[in-house]
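**Student:** Quick one: the structure is below, questions incoming.
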Amino acid sequence: MKFIRHKASRRDATLILVLILETHLLYNQVLSDLFQKYVLPSLKYLRDNSKAVVPIVDMALVSGLLKMLEGAIVAETANDRFKLEMVFVFCAIWAFGSALTLSDDGHDNQADFSEWWKSQFKQVRLPTRDTVFDYWLDPISNKFEPWRQN
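Residue 134 in the UniProt record's numbering sits at position 134 of the sequence shown, with consecutive numbering throughout.
As structure tokens, this is what we get:
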């Protein structure tokens, strides 16, 4: 390979490889931290507090989250912990809460999940009006905006 014939080029290639690996490791560590922070408590909440019309196994919920993250995380997001957490929160809200509905007695499970989420995870500021499902994450501003304004 031509780019490793000279010592300077070899050093440059090594530096680039190290930077890529460090970024990848940091990205993996951040995602691991976010999973610990959001996924386990969300699954516990759903098990303890909601009655789904159609039961959904935990793995299907997590798989849905992973698919959403795969589509939502871009290079700029992956390199910024704040942006990555914002995207993770948006995807987690929809992965875990979108299947919640009104129960037979008219109880709004989605509204309960929304209130729980806002009280449990205050680090990412979500609008206090309406439910968490009434907002989308603007990827440019990294702010939650009402769906009705889009």
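Glycine included, C-beta positions come from ideal geometry on N, C-alpha and C.
In this text, all values refer to a predicted model and were calculated from it rather than measured experimentally.
(1) Taking Cβ to Cβ, would you say residue 131 is nearer than 8 Å to residue 111?
(2) Roughly how far, in whole angstroms, is the beta-carbon of residue 63 from the beta-carbon of residue 96, given that I think they are within contact range, below 8 Å?
(3) CB-CB under 6 Å to residue 83, same chain, minus the five flanking residues each way: which ones, in chain order?
(4) Do residue 101 and residue 53 come within 8 Å of each other at the CB atom, strictly closer than that value?
(5) Give the secondary structure of residue 9 by DSSP, where H, G and I count as helix, E and B as strand, and everything else as coil.
(6) Consider the C-beta atom of residue 115 and the heavy atoms of the ligand HEM; say whether any pair is separated by less than 7 Å.
(7) Is residue 134 near residue 147, with beta carbons less than 8 Å apart?
(8) Verify whether the separation of the beta carbon atoms of residue 91 and residue 72 is less than 8 Å.
(9) Could you tell me the distance, in whole angstroms, from the CA atom of residue 58 to the CA atom of residue 69?
(10) Assign residue 115 to one of two classes, buried (16 or more other C-beta atoms within 10 Å of its C-beta) or exposed (fewer than that).
**Tutor:** Working from what's here:
(1) For the purposes of this step, residue 131 is taken as the residue at position 131 of the sequence shown. For the purposes of this step, residue 111 is taken as the residue at position 111 of the sequence shown. Yes, these two residues count as a Cβ contact at 8 Å.
(2) Taking the sequence shown and counting its residues from 1, one reaches residue 63 at position 63. Taking the sequence shown and counting its residues from 1, one reaches residue 96 at position 96. The C-beta distance from residue 63 to residue 96 rounds to 12 Å, too long to meet the 8 Å contact threshold.
(3) Position 83 of the sequence shown, counting from 1, holds the residue named residue 83. So the list reads 77, 142, once near-sequence residues are dropped.
(4) For the purposes of this step, residue 53 is identified with residue 53 of the sequence shown, where counting begins at 1. For the purposes of this step, residue 101 is identified with residue 101 of the sequence shown, where counting begins at 1. Cβ distance < 8 Å, so residue 53 and residue 101 count as in contact.
(5) Here the question's residue 9 lines up with position 9 in the sequence shown. Its pLDDT being 48, under 50, residue 9 is placed unreliably by the model, and the measurement read from it follows with that caveat. It is helical.
(6) Only the bare structure without any ligand can be found here, which leaves the ligand HEM out of the picture.
(7) Against the sequence shown, residue 134 aligns to sequence position 134. Against the sequence shown, residue 147 aligns to sequence position 147. It is a contact, given that the beta carbons lie within the stated cut-off.
(8) As a working mapping, residue 91 is identified with position 91 in the sequence shown. As a working mapping, residue 72 is identified with position 72 in the sequence shown. Yes, they are a contact pair.
(9) Indexing the sequence shown from 1 puts residue 58 at position 58. Indexing the sequence shown from 1 puts residue 69 at position 69. Approximately 17 Å between the Cα atoms of the pair.
(10) Residue mapping note: residue 115 aligns to position 115 of the sequence shown, counting from 1. The residue in question, residue 115, is exposed, as its Cβ has fewer than 16 Cβ neighbours within 10 Å.
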